[in-house]
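Structure record follows, encoded as structure tokens.
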Amino acid sequence: MKPIILAGGSGSRLWPKSRAALPKQFLRLTSEHTMLQDTILRLPREKVETALVICNEAHRFLAAEQLRQISVKSEGVLLEPIGRNTAPAIAVAAMLAAKKDPEQVLLILAADHLIDDQSALTSAIEKAEELALKNKLVTFGIVPTEPHTGYGYIKSGDSINNGFEVSKFVEKPEFHTAKEYLKSGEYYWNSGMFMFKAGVYLDELKKFRHDIYSACEQACNQTSSDLDFIRLDKEAFAACPDESIDYAVMEKTAHACMVPLDAGWNDVGSWSSLWETSQKDSDGNVCVGDTILHDVKNSYVNAEDRMVSIIGLNDVVVVETKDAVMVADRNKVQHIKNVVNTLKAEKRPEFEFHREVFRPWGSYDSIDNGKRYQVKRISVKPGEKLSVQMHHHRAEHWIVVSGTANVTIGENTRLVTENESVYIPVGDVHALENPGKIPLELIEVQSGSYLGEDDIVRFSDRYGRVK
């Protein structure tokens, strides 16, 4: 059995924590690990090294670094040049697996789900594997605990060994319909988790959606690799229709079956979901970070950078980050998408980035800015190096706070240590490297007529960011 981890979602309903450049699967929301890390750590240890992670090209270093943090070396990270939903993502993974063995059983998992009962999950996976080996396309149906209107449902059909035939898939229902589903005992939440042989899935995809199959085949025929990343042909994959596996295959195939899963599952799709699944105090509140509450009940409060105090409110969600604060009625958090759409339309940086931005070499935090200047706190990991670059519109002044910097300006290279500084004029080619054993911390002061991140001309880069 080969695990395929889908880590390409945007997680916009968890803004302001989750953003385009750092979506929820890469955040620590439910444990000391990120959601991607928890998904990997749930796997039997012998399966971890065979796992294939699929993510967006822009998130490749996040995925690689988070695997490194938990000492996991997976089979690789497959990069989607553009998001095309689950049917194509699973198709390219299946094609890569089928090149080695079409009989390979694939376990498809989302990287952003919460599962409390590990033993129940393991048992369901074992049951699903027996069905997958009989050429069934297996989905996991979550045993519902309430008439939830935010999930699609699966109606169970005839009983088969370890599960049920799938009678039908249904869309997210109205509340009254969801109550009837729950009462009947025949309906399960659609988890978005699957298991099947690579060749069986590809045969069904080719039968029902030959256009998706063909585009993915072309994308896979022209893959390239660098570091631990597997790249698809961008033009071919971009031509692929955007479609979910449910619409493309599962609703059409005659071989769909379902294994029930009762394991404390939650897709953590909103802040209210986090409130529901978290341990609460005696007033029904969930508090993360530095918070002071008075006369507050049934609320979720997450403070990242500052102390947050709330007085006399019930059923609210308050989330504070370094550059944004979101306050919502806990029963209306689904409307966060309206805020996110506004940020995107207005091209606000808060749509895509946090104030602190992570890069493969470390991170930077924009701590102050004004007309013609910007101040950043930069951290460079031991042994890492920023690209050799230059700027047309800004000069930079670096002050080393801790560690040692190896600085190249033009033809000259020198070491800059704690309490020393260096100046980089406009137009000078330069590079920054941490040659030491501890993190390099420095303050960067930028000044000039334009300070955007796109004023970077790269000449060489060890992370593949130079075409």
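Using full-length UniProt numbering, read the sequence shown as starting at 1 and increasing by one per residue.
All residues carry an ideal CB built from backbone N, CA and C; glycine is no exception.
Reference residue 161; option with closest CA among 226, 404 and 138: The residue you call residue 161 lines up with position 161 of the sequence shown. Nearest option by C-alpha distance: 138.
When we look at the beta-carbon of residue 437 and count the other beta-carbons within 10 Å, is it buried (16 or more) or exposed? If you number the sequence shown from 1, residue 437 lands on position 437. So residue 437 ends up on the exposed side.
Identify every run of the beta strand (DSSP E) within the UniProt domain "MannoseP isomerase/GMP-like beta-helix" (291 to 343), keeping only runs that are complete inside it and at least 3 residues long; order them along the chain. Counting only runs that start and end inside the UniProt domain "MannoseP isomerase/GMP-like beta-helix" (291 to 343), the beta strand (DSSP E) elements of at least 3 residues fall at 291 to 294, 300 to 303, 308 to 311, 316 to 320 and 325 to 329.
Using CA atoms only, rank isn't needed, just tell me which of 32, 152 and 360 is closest to residue 244. The count along the sequence shown starts at 1 and reaches residue 244 at position 244. Of the candidates 32, 152 and 360, the one whose C-alpha sits nearest the C-alpha of residue 244 is 152.
Confirm, please, whether the CB-CB distance from residue 156 to residue 186 is below 7 Å. Position 186 of the sequence shown, counting from 1, holds the residue named residue 186. Position 156 of the sequence shown, counting from 1, holds the residue named residue 156. The answer is yes: Cβ separation under 7 Å.
Residue 366 and residue 355 - do their beta-carbons sit closer together than 7 Å? Start at 1 with the first residue of the sequence shown, and residue 355 comes out as number 355. Start at 1 with the first residue of the sequence shown, and residue 366 comes out as number 366. Going by C-beta atoms, residue 355 is nearer than 7 Å to residue 366.
Residue 398: which of 7, 119, 415 and 392 sits nearest, CA to CA? For the purposes of this step, residue 398 is identified with residue 398 of the sequence shown, where counting begins at 1. Of 7, 119, 415 and 392, the smallest CA-CA separation from residue 398 is found for 415.
Any 3 or more C-beta pairs closer than 8 Å across the region 24 to 32 and the region 73 to 84: no
In the DSSP assignment, find the unbroken beta strand (DSSP E) run with residue 504 in it and report its ends. Because residue 504 is not part of the residues shown, which for the chain are 1 to 467, the question remains open.
The region 313 to 323 in contact with the region 291 to 302 per 3-pair CB rule at 8 Å: yes
Three-state secondary structure (DSSP) of residue 390: Taking the first residue of the sequence shown as 1, we reach residue 390 at position 390. Residue state, collapsed to three classes: strand.
Please confirm if the region 233 to 251 is in contact with the region 116 to 124, defined as three or more CB-CB distances below 8 Å between the two stretches. no
If you run the structure through DSSP and keep just helix, strand and coil, what is residue 187? Mapped onto the sequence shown, residue 187 falls at position 187. Reduced to three states, the DSSP call for residue 187 is strand.
Among 45, 51, 111 and 57, which residue has its Cα nearest to the Cα of residue 94? Counted from its first residue, the sequence shown places residue 94 at position 94. Among 45, 51, 111 and 57, the Cα nearest to that of residue 94 belongs to 51.
If you draw a straight line from the C-alpha of residue 148 to the C-alpha of residue 68, how long is it? Position 148 of the sequence shown, counted from the first residue, corresponds to residue 148. Position 68 of the sequence shown, counted from the first residue, corresponds to residue 68. Taking the straight line joining both Cα atoms gives about 37 Å.
Is it true that the CB of residue 455 sits closer than 7 Å to the CB of residue 393? Translated into positions along the sequence shown, residue 393 becomes position 393. Translated into positions along the sequence shown, residue 455 becomes position 455. Closer than 7 Å, so yes.
Within 10 angstroms of the Cβ of residue 17, are there 16 or more other Cβ atoms? Answer buried if so, exposed if not. The residue given as residue 17 occupies position 17 in the sequence shown. Classification for residue 17: buried.
Residue 213, buried or exposed, once every other Cβ within 10 Å from all chains shown has been counted against 16: Taking the first residue of the sequence shown as 1, we reach residue 213 at position 213. Buried: at least 16 other Cβ atoms inside 10 Å.
Tell me, please, whether the region 167 to 184 touches the region 222 to 235 by the rule of three or more beta-carbon pairs shorter than 8 Å. no
For residue 5 and residue 109, believed in contact at Cβ under 8 Å, the rounded distance: If you number the sequence shown from 1, residue 109 lands on position 109. If you number the sequence shown from 1, residue 5 lands on position 5. Rounded, the Cβ-Cβ distance is 6 Å, consistent with contact.
So, helix, strand or coil for residue 245, using DSSP? Your numbering for residue 245 matches position 245 in the sequence shown. Residue 245 falls in the helix class under three-state DSSP.
Helix, strand or coil for residue 275? Go by DSSP, reduced to three states. Locating residue 275 in the sequence shown gives position 275, counting from the first residue. Helix, per DSSP.
Could you tell me how far apart the beta carbons of residue 448 and residue 426 are, in whole angstroms, since I believe they sit closer than 8 Å? Here residue 448 refers to the residue found at position 448 of the sequence shown. Here residue 426 refers to the residue found at position 426 of the sequence shown. Sure, about 6 Å apart at Cβ, within 8 Å.
Would you say residue 106 and residue 206 are within 7 Å of each other, going by their C-beta atoms? The count along the sequence shown starts at 1 and reaches residue 106 at position 106. The count along the sequence shown starts at 1 and reaches residue 206 at position 206. Going by C-beta atoms, residue 106 is not nearer than 7 Å to residue 206.
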